Amino acid sequence: MPINKAQSVVQFYVLCNHLKNLIRRGWKVWNVKRERIESVAEHIFGVQSLAIAIWSQYNYNIDIKKVILMLALHEMEEISIGDMIFCDIKKQDKQTKGHQAIKIVLQDLIKKDEIESLILEFDERKTPEAKFAYCCDKLECDLQCKLYDEEKCVDLTKQENNPATQDKTVSTLLQQNYSWSEMWLEFGRRKYPYDKNFRAISKYAEKQKLLTNLAKTNKTNQK
Numbered sequence: 553m554p555i556n557k558a559q560s561v562v563q564f565y566v567l568c569n570h571l572k573n574l575i576r577r578g579w580k581v582w583n584v585k586r587e588r589i590e591s592v593a594e595h596i597f598g599v600q601s602l603a604i605a606i607w608s609q610y611n612y613n614i615d616i617k618k619v620i621l622m623l624a625l626h627e628m629e630e631i632s633i634g635d636m637i638f639c640d641i642k643k644q645d646k647q648t649k650g651h652q653a654i655k656i657v658l659q660d661l662i663k664k665d666e667i668e669s670l671i672l673e674f675d676e677r678k679t680p681e682a683k684f685a686y687c688c689d690k691l692e693c694d695l696q697c698k699l700y701d702e703e704k705c706v707d708l709t710k711q712e713n714n715p716a717t718q719d720k721t722v723s724t725l726l727q728q729n730y731s732w733s734e735m736w737l738e739f740g741r742r743k744y745p746y747d748k749n750f751r752a753i754s755k756y757a758e759k760q761k762l763l764t765n766l767a768k769t770n771k772t773n774q775k
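Going by this note's numbering, the first residue of the sequence shown is number 553, and it counts up by one from there.
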C-alpha cells in the first residue's frame, strides 16, 4: 500500500532528527572535553554556512543552491550506519555501506532517485559543485577543530588508545610538535584537493586566534 504523503514527510523528519543527537565520532576519538560536543546535524549547518561564505567571497562559478542541497544530504547515510572516520573503515567499504543505507532512508520519498543522485554526485567528486562541497566538508571539520583547540578541549598527552594517531601523516606531524589543530589544518592541505582559496583560508585560520578575533569584532560592532 502506498504510504500517506504526510506520514512519509513526518517519518523522514524523525529519521533525520537522529542526526541532532549523533555526536561526531572524531571528537570522541580525540577525547574532546567540553559540555556540548558537535553533532552531525551541527556539522551540516556549519559546512553549509562555510560554503555560502566561500562562494560569496571568492566568486565561484557554481550552482550554490545545488551545493547547499548536496551538503544537506551528504551525511544522511549516518542515520543508519552511524558516524565513522578514516581509521574505522576503508573508504570504499564505507561508501558501499553508505549507499545501501541511503536507499533505506529515502525509500518513502517520491523524489528519492533525484535526491540519491545528488548524494552519488557528491561522493564521485567529479562536478565543480561536488568538488567544492567536498572541500568545504573537509575544511569545516578543521576549522571546528581549531575552535576546540583554542578552548583547550584536547590534551595530546592523553591519546593512548586513539586509533587516529596511527595514521602516518598524523603521527609525523605530531612528532614535529604541531598543535592538535595545526596538525589537522596541515593534514587537510596535504590530503585534500584544495585550490588556492581553500588553502588560503586554512592558512589564515592556522595563524589566527579565531575566538579572540570574534570577540573583538562583536565588541566593535556594539559601539
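Where a beta carbon is used, it is the ideal one built from N, C-alpha and C, also for glycine.
Quick caveat: nothing in here was measured; it's all calculated off a predicted structure.
- Here DSSP, grouped into helix, strand and coil, assigns Ile575 to strand.
- Counting only runs of at least 4 residues, the region 690-751 fully encloses the following alpha helix (DSSP H) elements, listed from N- to C-terminal order: 720-727 and 732-743.
- Taking all protein chains shown into account, Asp635 has 16 or more neighbouring C-beta atoms within 10 Å of its C-beta and is therefore buried.
- In the DSSP assignment, no residue is bridged to Ser669.
- With contacts defined as CB atoms closer than 8 Å, Ala593 and Lys580 fail to qualify as a contacting pair.
- With 16 or more other Cβ atoms inside 10 Å of its own Cβ, Ala685 counts as buried.
- Contact between the region 608-628 and the region 665-672 is present, with at least three C-beta pairs closer than 8 Å.
- Between Leu699 and Leu726, the CB-CB gap reaches or exceeds 8 Å.
- Counting the other Cβ atoms within 10 Å of the Cβ of Leu672 gives fewer than 16, which makes it exposed.
- With a cutoff of 8 Å on beta-carbon distance, Lys710 and Asn583 are scored as near each other.
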